[in-house]
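*Asks:* Going by our numbering, 224 is the number at position 161 of the sequence shown; the sequence numbering is gapless.
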Amino acid sequence: MKKFVSSWSGGKDSCFALMQAIASGMQPSVLLNMMNENDMVSRSHAIPKDILLQQGAMLGLPMVTRPASWDGYEKIFIETLHSLKADYGIEAGVFGDIDLQPHRDWEEKVCSAVGIEAILPLWLRNRKELVYAMLDAGIETYIVSCNETMGERFLGKKITHDLVDELEAIGIDACGENGEYHTLVVYTPMFKKKIEVAFGATRCHNQYWFIEMKLE
64 MKKFVSSWSG GKDSCFALMQ AIASGMQPSV LLNMMNENDM VSRSHAIPKD ILLQQGAMLG
124 LPMVTRPASW DGYEKIFIET LHSLKADYGI EAGVFGDIDL QPHRDWEEKV CSAVGIEAIL
184 PLWLRNRKEL VYAMLDAGIE TYIVSCNETM GERFLGKKIT HDLVDELEAI GIDACGENGE
244 YHTLVVYTPM FKKKIEVAFG ATRCHNQYWF IEMKLE
């Protein structure tokens, strides 16, 4: 049974990739999230560290977080993979990317640097069908950041089949694969129980909307 690290964003894609990897017979050993330089929120989704740690606890897996600037991101990511390989015996890294080739190239590059395999369980699946599959698999997830085309009104909204249709109607990719929006998973059948999260104030930074979130 191949042991792996899950590149964990806290959102739906990495969650479903983890579920699919487990379903294929692989064994998760550890979760990895890259944080902002302040080590307080995740770099891509702005999810607070305590919520990420709670996700790990609900999965029964250790959550490793590493602060990094964009300039030092790759170096720290590779160094961390080396440590995880030594500490957990990982043989692969599992990623939630769907069809952006530059992302896959980078993931294969960093995994190759430490002698492990990059595995992308969601690769080349239809984006809309994939979101539906996530929802049908029991993932409960909310929009926690989005671009200006979507705007503030979508923050804190639960992803549903109807919401996916609404997003497509305004020209937003169903899965947000191009960075249109990011999500927070509060429940999956893999969790011991649902994570209760309260959403708060919203803000716009560098033409991108974010919502505050905290554990209840």
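Quick reminder that beta carbons are idealized off the backbone N, C-alpha and C, glycines included.
Check the C-beta distance from CYS238 over to LEU193 and give it rounded, since I have them as a contact under 8 Å.
*Replies:* 6 Å
*Asks:* Smallest Cα separation from MET98: which of LEU116, GLU203, SER175 and LEU81?
*Replies:* LEU116
*Asks:* Just grab the DSSP bridge partners of LEU95 for me.
*Replies:* DSSP lists SER70 and VAL127 as partners of LEU95.
*Asks:* So the alpha helix (DSSP H) ALA149 belongs to, where does it begin and stop?
*Replies:* Where ALA149 is concerned, the enclosing alpha helix (DSSP H) stretches over 136 to 151.
*Asks:* Contact defined as beta carbons within less than 8 Å: I believe PHE79 pairs with GLU154. What is the distance between those atoms, to the nearest angstrom?
*Replies:* Not confirmed; about 21 Å, so no contact.
*Asks:* Could you tell me whether the Cβ atoms of SER87 and PHE158 are closer together than 8 Å?
*Replies:* Between SER87 and PHE158, the CB-CB gap reaches or exceeds 8 Å.
*Asks:* Suppose contacts are defined by Cβ-Cβ distances below 8 Å. Is PRO111 in contact with LYS277 by that definition?
*Replies:* yes
*Asks:* Give the straight-line distance between the Cα atoms of LYS255 and ALA120, rounded to the nearest whole angstrom.
*Replies:* 8 Å
*Asks:* Any idea what DSSP makes of LYS277, helix, strand or coil?
*Replies:* strand
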